[in-house]
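Engineer: Protein chains in written order, with full-length UniProt numbering: chain A, 1 to 218; chain B, 1 to 218.
Backbone N, C-alpha and C fix where the C-beta goes; we use that ideal spot for every residue, glycine too.
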DNA sequence: GTAGTCAGTGAACAGTCGTACGCTGAAACC
DNA sequence: GGTTTCAGCGTACGACTGTTCACTGACTAC
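1. Could you name the residues of the stretch 165-180 of chain A whose beta carbon sits closer than 8 Å to any beta carbon of chain B, in the order they occur along the chain?
2. With distance defined between alpha-carbon atoms, name the residue in A:131, A:202 and A:173 nearest to residue 69 of chain A.
3. Within the same chain, show all residues whose beta-carbon is closer than 7 Å to that of residue 50 of chain B, passing over the 5 residues directly before and after it, in chain order.
4. At the level of alpha carbons, what is the spacing between residue 18 of chain B and residue 31 of chain B?
5. Can you find a CB in chain B that lies within less than 8 Å of the CB of residue 120 of chain A?
6. Under 6 Å Cβ to Cβ from residue 142 of chain B, same chain only, skipping five residues before and after it: list those, please.
7. How is the alpha helix (DSSP H) around residue 158 of chain B delimited, first residue to last?
8. Taking Cβ-Cβ distances shorter than 7 Å, what residues in chain A pair up with residue 209 of chain B?
9. Is there a Cβ of chain B sitting closer than 8 Å to that of residue 105 of chain A, yes or no?
10. List the residues of chain A that residue 116 of chain B touches, going by C-beta distances under 9 Å, in chain order.
11. Taking only beta-carbon atoms, is residue 218 of chain B less than 8 Å away from chain A?
12. Taking all protein chains shown into account, decide if residue 169 of chain B is buried (16 or more other Cβ within 10 angstroms of its Cβ) or exposed.
13. Can you list, in chain order, the residues of its chain with a C-beta nearer than 7 Å to that of residue 129 of chain B? Leave out the 5 residues immediately preceding and following it.
14. For residue 5 of chain B, count the other beta carbons within 10 Å of its own beta carbon; 16 or more makes it buried, fewer makes it exposed. Which is it?
15. Taking 8 Å as the CB-CB limit, is residue 34 of chain A close to chain B?
16. So that I know if they touch, is there some Cβ in chain A lying closer than 8 Å to that of residue 21 of chain B?
17. Consider the Cβ of residue 197 of chain B: report whether some Cβ of chain A lies at a distance smaller than 8 Å.
18. Residues in the same chain with beta-carbon distance under 7 Å from residue 46 of chain A, minus the five sequence neighbours each way, listed in chain order, please.
19. Give me the chain A residues within the contact set of residue 158 of chain B, using Cβ-Cβ distance strictly less than 9 Å, ordered along the chain.
20. Starting from the C-beta of residue 153 of chain A, find all residues in its chain whose C-beta is less than 8 Å away, skip the five residues before and the five after it, and write them out in chain order.
21. By how many angstroms is the C-alpha of residue 120 of chain B removed from the C-alpha of residue 175 of chain A?
22. Between A:54, A:76 and A:57, which lies nearest to residue 114 of chain A when the distance is taken from Cα to Cα?
23. Excluding the five sequence neighbours on either side, which residues of its own chain have a C-beta within less than 7 Å of the C-beta of residue 200 of chain A, listed in chain order?
24. Any Cβ of chain B within less than 8 Å of the Cβ of residue 37 of chain A?
25. Buried or exposed for residue 117 of chain A, going by 16 or more other Cβ atoms inside 10 Å?
26. Using C-beta distances below 6 Å, list every residue in its chain close to residue 173 of chain B, excluding the 5 sequence neighbours before and after it, in chain order.
27. With a cut-off of 8 Å, does the C-beta of residue 194 of chain B fall near any C-beta of chain A?
28. Mind reading off the beta-carbon distance from residue 231 of chain B to residue 23 of chain B? Whole number of angstroms is fine, and I expect it under 8 Å.
29. Exposed or buried, residue 55 of chain B, counting other C-beta atoms within 10 Å across all chains shown (16 or more means buried)?
30. Would you mind working out which of B:105, B:124 and B:214 sits nearest residue 156 of chain B, comparing C-alpha positions?
31. From what residue to what residue does the alpha helix (DSSP H) around residue 109 of chain B run?
32. DSSP state of residue 126 of chain B, grouped into three classes?
33. Please report the distance separating the alpha-carbon of residue 89 of chain A from that of residue 108 of chain A.
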């Protein structure tokens, strides 16, 4: 029997699979607690490997946390890319943006919950990793905004400020939606409505920023 | 010796003092971790009482957390009262508001760190308690805004939205200042500058809200 | 085919954890 | 005065924690 001697790369593939299992199991456990209280044994038990096996993949829970940040990045990238691809008039873009946030949060609640919770959590390296990523998105958004015709003539620092407000608004909306839970349709509607209103206010503010927003005119 | 038989109420006073010690010790320990990983023994050890003694004051760590929320309220009340008492033109009020936030956070970092961290932390009752309090502040602020002459003619829901933005902006600023640390004067200046800019944008937005902010005009 | 690599094991380590029990001694009460 | 109350103690319990070590056995490379 010329059975192929197991597909090549079986070794490394299996290792990756276990690593992935550790991460997604952690993500599940983290829905009800925070990273600083997550136990190493708790994770390995959920995956079905021995505690010692954990160290073949991570040198500790904080390390796993940082890895989770990087994985979570995927969800965030997909969301922001979808938002930035949005076209149409302002009101339509606001509606679609909020819609997109709500859908992504509903589809991948664990990722967003992790980000929102550990952004201010008790594990410094994870906090830093999340902050770095959000800053990165903010910078990307700044560049996109710089190309916007409505924002012609804006100072770079003002553009950064505006981008930061959008990013923070996204995070806060995600946090509120998660807190409401998946079945609270009425509360969810309330949150998305409030977010649309906020984005509208920010847009009105930017429309008149150059008229009276700069302190130099004082 | 007609020594007074100890001031009356010694018993209750001592109990209160121990309770207070438990709470402030917890607050200190929480600067480096989150509530869901805070150990009961860890707290009693810091205070110098036996683990069993803890139960004379709280029925568990989550209970202590909720009590901490109520205590923390004092700091928040002082801050918001100071902000609301501010007068003068818009730009001056913005500057003073941000100044006040920075000072309060610098003077009572532990309280604000606790609020910011546990607002999205892993302990549901504490999360709810903080959300309730922040909602309360938001409502109070809504009523104050309703009396503002510049906001005459605003819909109640729009006022609530604006108040919510201010509150969230406060929380986010506090979070950023805490993350920077007390000695990062340059970073602190950067943060306060950015916050002033944001508040300015919100103000410009509200100044033109009635002109074009309402979706009914579409 | 044979030697080497290495993901995962299983046992043991010294701690820590939350909780329960009955006790003590001082404050509070009548 | 005597009696009651009760904050805090000491001890003990079983369960759980992170980390280490030498090990096995399936995969890989030559």
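Structural biologist: Put simply:
1. 165, 168, 172, 175 and 179
2. A:131
3. 44
4. 20 Å
5. yes
6. 159, 160 and 163
7. 156-180
8. 201 and 204
9. no
10. 120
11. Reliability fails at residue 218 of chain B, whose pLDDT of 39 lies under 50, so the model's placement of it is uncertain and the value that follows must be treated cautiously. Yes, because at least one Cβ of chain A sits closer than 8 Å to the Cβ of residue 218 of chain B.
12. buried
13. 66 and 69
14. Note that residue 5 of chain B has pLDDT 42, beneath the 50 cutoff, so the model's placement of it is unreliable and no number is given.
15. yes
16. no
17. yes
18. 25 and 29
19. 197 and 201
20. 210
21. 8 Å
22. A:76
23. 94
24. yes
25. buried
26. 101 and 195
27. yes
28. Limits of chain B in this structure are 1 at one end and 218 at the other, which puts residue 231 of chain B out of reach.
29. exposed
30. B:214
31. 109-118
32. helix
33. 28 Å
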